[in-house]
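Student: Residues in the first sequence are numbered consecutively from 1, following our numbering.
All residues carry an ideal CB built from backbone N, CA and C; glycine is no exception.
Got a structure here, written out as structure tokens. Questions coming.
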Amino acid sequence: MQPKLNRLLRALAREGLEVAYDGRLYSVRLQGDAHAPPAEVLLPPDLPVEGKAFQQLAHLAALRHPSGGQVLRVRATPDFHPGDSGVAIGSVLHTRGLVVPGAIGTDINCGMRLHVANVSVEAFLAKRTAFVERMKGHYFFGTRDVTMGSRASEALLRDGVQGWLVETLERPLGCAGRADLAQLDAEVARIHLGGGLKGHPRWAPESFTREGLVRDAGLATIGGGNHFVEVQRVEAVEDRARAWGWGVREGQLAFMIHSGSRDVGKHVGVAWQDRARQAWPVGAPLPESGILPLGDARLVEQYLEAEATAANYAFLNRLLLAELLRQTLRELFGDVEAPLVYDVPHNLTLPYEGGWLARKGACPAGAEQPVIIPGSMGATSFLMVGCGDARALESASHGAGRARSRFSLSRGGADQSEAALGLTGVDCITLRAERRVEEAPAAYKPIRPVVDAQVEAGIVREVARLAPLLTFKA
DNA sequence: ATGTGC
Numbered sequence: 001m002q003p004k005l006n007r008l009l010r011a012l013a014r015e016g017l018e019v020a021y022d023g024r025l026y027s028v029r030l031q032g033d034a035h036a037p038p039a040e041v042l043l044p045p046d047l048p049v050e051g052k053a054f055q056q057l058a059h060l061a062a063l064r065h066p067s068g069g070q071v072l073r074v075r076a077t078p079d080f081h082p083g084d085s086g087v088a089i090g091s092v093l094h095t096r097g098l099v100v101p102g103a104i105g106t107d108i109n110c111g112m113r114l115h116v117a118n119v120s121v122e123a124f125l126a127k128r129t130a131f132v133e134r135m136k137g138h139y140f141f142g143t144r145d146v147t148m149g150s151r152a153s154e155a156l157l158r159d160g161v162q163g164w165l166v167e168t169l170e171r172p173l174g175c176a177g178r179a180d181l182a183q184l185d186a187e188v189a190r191i192h193l194g195g196g197l198k199g200h201p202r203w204a205p206e207s208f209t210r211e212g213l214v215r216d217a218g219l220a221t222i223g224g225g226n227h228f229v230e231v232q233r234v235e236a237v238e239d240r241a242r243a244w245g246w247g248v249r250e251g252q253l254a255f256m257i258h259s260g261s262r263d264v265g266k267h268v269g270v271a272w273q274d275r276a277r278q279a280w281p282v283g284a285p286l287p288e289s290g291i292l293p294l295g296d297a298r299l300v301e302q303y304l305e306a307e308a309t310a311a312n313y314a315f316l317n318r319l320l321l322a323e324l325l326r327q328t329l330r331e332l333f334g335d336v337e338a339p340l341v342y343d344v345p346h347n348l349t350l351p352y353e354g355g356w357l358a359r360k361g362a363c364p365a366g367a368e369q370p371v372i373i374p375g376s377m378g379a380t381s382f383l384m385v386g387c388g389d390a391r392a393l394e395s396a397s398h399g400a401g402r403a404r405s406r407f408s409l410s411r412g413g414a415d416q417s418e419a420a421l422g423l424t425g426v427d428c429i430t431l432r433a434e435r436r437v438e439e440a441p442a443a444y445k446p447i448r449p450v451v452d453a454q455v456e457a458g459i460v461r462e463v464a465r466l467a468p469l470l471t472f473k474a
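This is the structure we're talking about:
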């Protein structure tokens, strides 16, 4: 074991955590709480970890509901780090009889989407300036207001992108023409869960559905933080047969989208974290972690429907971002084909083994499923395939993990030179210079050890690597 | 994560 980690774990033991390890798999539990399952995390060698993240993990595992709901297992991904709501980013939570709104938070159905395109890298780079100008002209600065009719919006919120498409085929709108809609219809099969869960418009913000229009809610915008749109090059293919089957070839141009449910997820997440507080049984001691589960069956059902509503919105948000990018390529390069490889959520509660599995910043990694692990700005991204590892709760990391807070980099007196931030050679278009600093490569851990640890543990296998050419951040 | 914080 690494000396630094050893010191950290000793400190955690003094703070009331039982700590054990077996190879690279570490487990923690609150001392004296024999009923709680241990919380496990796989750690790559020589990467910084924060004690607070371990604390959050142990408290999550210790959670139970007075009505009998329980936590069955907690597992964290190798990129886990402390989260604001008391739940570490990278936590995977298996429960029965309870769900935890704070274990998803506000970034509901944050996820990844990958397309490849039959434009050569050379041709693309030759028109880079024109491409950037067109991109600035619409969604990524939020200047393009995407609206839709009441039937399409209601169908979207109830059923996801398939419902939206059915209504949209009757009344084409805004950014999509009829020919494009036929392709979108064919691509629904490449969206995890078919791009839809059972939701209901009643959970969307009131302003969102007013006058039967969906507007001013950030539809087809990237969002902040680690979210991005990136043009990439497939720099290496490791599993040729699988990559071929997925339409991915070495040297291809590709684009990747990391975005979520924007204001709709925030609305649902905030409302339900409050609701969980209100619904906590009178007289029952509050968990010291501040993490509050829902245990009443009816409330659980309602929360999941609200979460699904925001998730449906996120699926469409990523779809529209991709559609705008695909159209921009067509404007510049003619009849471009840019098929979807896969779209996968990494912030969602889903049914699992008779209970629920909440992934907070963790990518589903079921057997044979495409897994998309983005690198941070300037870093390689990975297309992998899941191995269905039950010990890891069929989950992989959703990135490299943040190493430094936004504040510590932007205003914490850090060296803001290009070299110190790791920005040398990075081509990034942002709305504000501040973003480049907050999300600079120096803000994140290296992705390679995080990926390697998961390959060695049998959680995922590598299919292809993608190198960034041009990154857009809000 | 969030038209935002430290």
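1. Give a yes or no on contact between the region 121–129 and the region 262–281, applying the rule of three or more CB pairs nearer than 8 Å.
2. Who are the near neighbours of L470 in its chain, counting only those whose CB is closer than 6 Å to its CB and skipping five residues on each side?
3. Could you spell out the range, first to last residue, of the alpha helix (DSSP H) harbouring I447?
4. Can you confirm whether the region 101–110 touches the region 306–313 when touching is taken to mean that 3 or more C-beta pairs between the two stretches lie within less than 8 Å?
5. Could you give the distance in angstroms between the alpha-carbon of S410 and the alpha-carbon of A420?
6. Is A414 helix, strand or coil by DSSP?
7. Closest to Y444 by C-alpha separation, out of A365, G102, V49, would be which residue?
8. Using a 10 Å radius around the Cβ and a threshold of 16 neighbouring Cβ atoms, would you call Q278 buried or exposed?
9. Report the rounded CA-to-CA distance for F228 versus G260, giving the unit in angstroms.
10. From H35 to P287, what does the alpha carbon distance come to, in whole angstroms?
11. So if DSSP puts V460 in a beta bridge, which residue, or which two residues, is it bridged to?
12. Between G375 and the rest of its own chain, which residues show a CB-CB distance below 7 Å, the 5 nearest in sequence each way excluded?
13. Can G247 and V161 be called in contact, C-beta distance under 8 Å?
14. Helix, strand or coil for W272, going by three-state DSSP, please let me know.
15. Secondary structure at A284, three-state DSSP: helix, strand or coil?
16. Going by CA-CA distance only, name the one from L57, F315, L72 that's closest to G198.
17. Do P466 and E323 have their C-beta atoms closer together than 8 Å?
18. At the level of alpha carbons, what is the spacing between E438 and G378?
19. Are R318 and M384 closer than 8 Å when you measure CB to CB?
20. Please state the DSSP three-state secondary structure of K473.
21. So, G69 versus R96, is the Cβ gap smaller than 8 Å?
22. Distance check for R359 and S153, CA to CA, integer angstroms please.
23. Could you work out which residue in V92, V99, V341, A182 is closest to A39 when comparing CA atoms only?
24. Measuring only the C-alpha atoms, how far is P201 from G195?
25. Please report the Cβ distance between H192 and V344, rounded to the nearest whole angstrom; I am assuming they are in contact, meaning their Cβ atoms lie under 8 Å.
26. Label S405 either buried or exposed according to how many other C-beta atoms from any shown protein chain fall within 10 Å of its C-beta, with 16 as the threshold for buried.
27. In chain order, what residues of the same chain lie with their CB nearer than 7 Å to the CB of Q416, ignoring the 5 residues before and after it?
28. Per the DSSP calculation, Y352 is bridged to which residue(s)?
29. Can you tell me the Cα-Cα spacing of R402 and Y21, whole angstroms?
30. Could you give the first and the last residue of the continuous beta strand (DSSP E) run that contains D79?
31. When DSSP builds the beta bridges, which residues end up paired with E40?
32. Quick one: is E167 buried, meaning 16 or more other Cβ sit within 10 Å of its Cβ, or exposed?
33. Following the continuous alpha helix (DSSP H) through A314, name the residue where it begins and the one where it ends.
Tutor: From the atom records:
1. no
2. Here residue 470 is taken as the residue at index 470 of the first sequence, counted from 1. Result list for L470: V231, D427, in chain order.
3. Against the first sequence, residue 447 aligns to sequence position 447. Looking at the DSSP string, the run of the alpha helix (DSSP H) that includes I447 is 447–456.
4. yes
5. Your numbering for residue 410 matches position 410 in the first sequence. Your numbering for residue 420 matches position 420 in the first sequence. Distance between the alpha carbons of S410 and A420: 13 Å.
6. Walking along the first sequence from the start, residue 414 turns up at place 414. DSSP places A414 in coil when its eight states are reduced to three.
7. Taking the first residue of the first sequence as 1, we reach residue 444 at position 444. Among A365, G102, V49, the Cα nearest to that of Y444 is on V49.
8. Within the first sequence, numbered from 1, the residue matching residue 278 stands at position 278. With fewer than 16 Cβ atoms within 10 Å of its Cβ, Q278 is classed as exposed.
9. In the first sequence, residue 228 corresponds to position 228, counting from 1. In the first sequence, residue 260 corresponds to position 260, counting from 1. Rounded to the nearest angstrom, the two C-alpha atoms are 10 Å apart.
10. The residue labelled residue 35 in the question sits at position 35 within the first sequence. The residue labelled residue 287 in the question sits at position 287 within the first sequence. Their backbone Cα atoms lie some 15 Å apart in a straight line.
11. Start at 1 with the first residue of the first sequence, and residue 460 comes out as number 460. Paired residue(s): G386.
12. Start at 1 with the first residue of the first sequence, and residue 375 comes out as number 375. Closer than 7 Å at Cβ, skipping near neighbours: S381, A400, I447.
13. The residue labelled residue 247 in the question sits at position 247 within the first sequence. The residue labelled residue 161 in the question sits at position 161 within the first sequence. Contact flag unset, no.
14. For the purposes of this step, residue 272 is identified with residue 272 of the first sequence, where counting begins at 1. Helix at W272.
15. Counted from its first residue, the first sequence places residue 284 at position 284. Three-state DSSP puts A284 in coil, outside helix and strand.
16. For the purposes of this step, residue 198 is taken as residue 198 along the first sequence, with counting starting at 1. What sits at residue 198 in the sequence shown is Lys, not Gly. Among L57, F315, L72, the Cα nearest to that of K198 is on F315.
17. Stepping through the first sequence from its first residue, residue 466 is reached at position 466. Stepping through the first sequence from its first residue, residue 323 is reached at position 323. Position check: residue 466 holds Leu in this sequence, whereas Pro was assumed. For L466 and E323, no; Cβs fall outside 8 Å.
18. Counting from 1 along the first sequence, the entry for residue 438 is found at position 438. Counting from 1 along the first sequence, the entry for residue 378 is found at position 378. Rounded to the nearest angstrom, the two C-alpha atoms are 13 Å apart.
19. Reading the first sequence from its first residue, position 318 is the one you call residue 318. Reading the first sequence from its first residue, position 384 is the one you call residue 384. No, Cβ-Cβ distance for R318 and M384 is not below 8 Å.
20. In the first sequence, counting from the first residue as 1, residue 473 sits at position 473. Here K473 sits in strand by DSSP.
21. Taking the first sequence and counting its residues from 1, one reaches residue 69 at position 69. Taking the first sequence and counting its residues from 1, one reaches residue 96 at position 96. For G69 and R96, yes; Cβs fall inside 8 Å.
22. The sequence position of residue 153 within the first sequence is 153, counting from 1. The sequence position of residue 359 within the first sequence is 359, counting from 1. Cα to Cα, the separation comes out at about 27 Å.
23. In the first sequence, counting from the first residue as 1, residue 39 sits at position 39. Comparing Cα-Cα distances from A39 to each of V92, V99, V341, A182, the minimum goes to V92.
24. Locating residue 201 in the first sequence gives position 201, counting from the first residue. Locating residue 195 in the first sequence gives position 195, counting from the first residue. Going by the C-alpha atoms only, they are around 16 Å apart.
25. Counted from its first residue, the first sequence places residue 192 at position 192. Counted from its first residue, the first sequence places residue 344 at position 344. Going by Cβ atoms, the distance from H192 to V344 rounds to 5 Å, so yes, they are a contact pair.
26. Within the first sequence, the letter at position 405 stands for residue 405. So S405 ends up on the exposed side.
27. Your numbering for residue 416 matches position 416 in the first sequence. V437.
28. In the first sequence, the residue the question calls residue 352 occupies position 352. In the DSSP output, where bridge partners are listed per residue, Y352 has G355.
29. As a position in the first sequence, residue 402 is number 402, starting the count at 1. As a position in the first sequence, residue 21 is number 21, starting the count at 1. Cα-Cα distance, rounded: 23 Å.
30. Start at 1 with the first residue of the first sequence, and residue 79 comes out as number 79. Segment 70–81, the beta strand (DSSP E) holding D79.
31. Numbered from its first residue, the first sequence carries residue 40 at position 40. DSSP lists S27, R75 as partners of E40.
32. Taking the first residue of the first sequence as position 1, residue 167 is located at position 167. Buried.
33. As a working note, residue 314 is residue 314 in the first sequence. Per DSSP, A314 belongs to the alpha helix (DSSP H) from 297–333.
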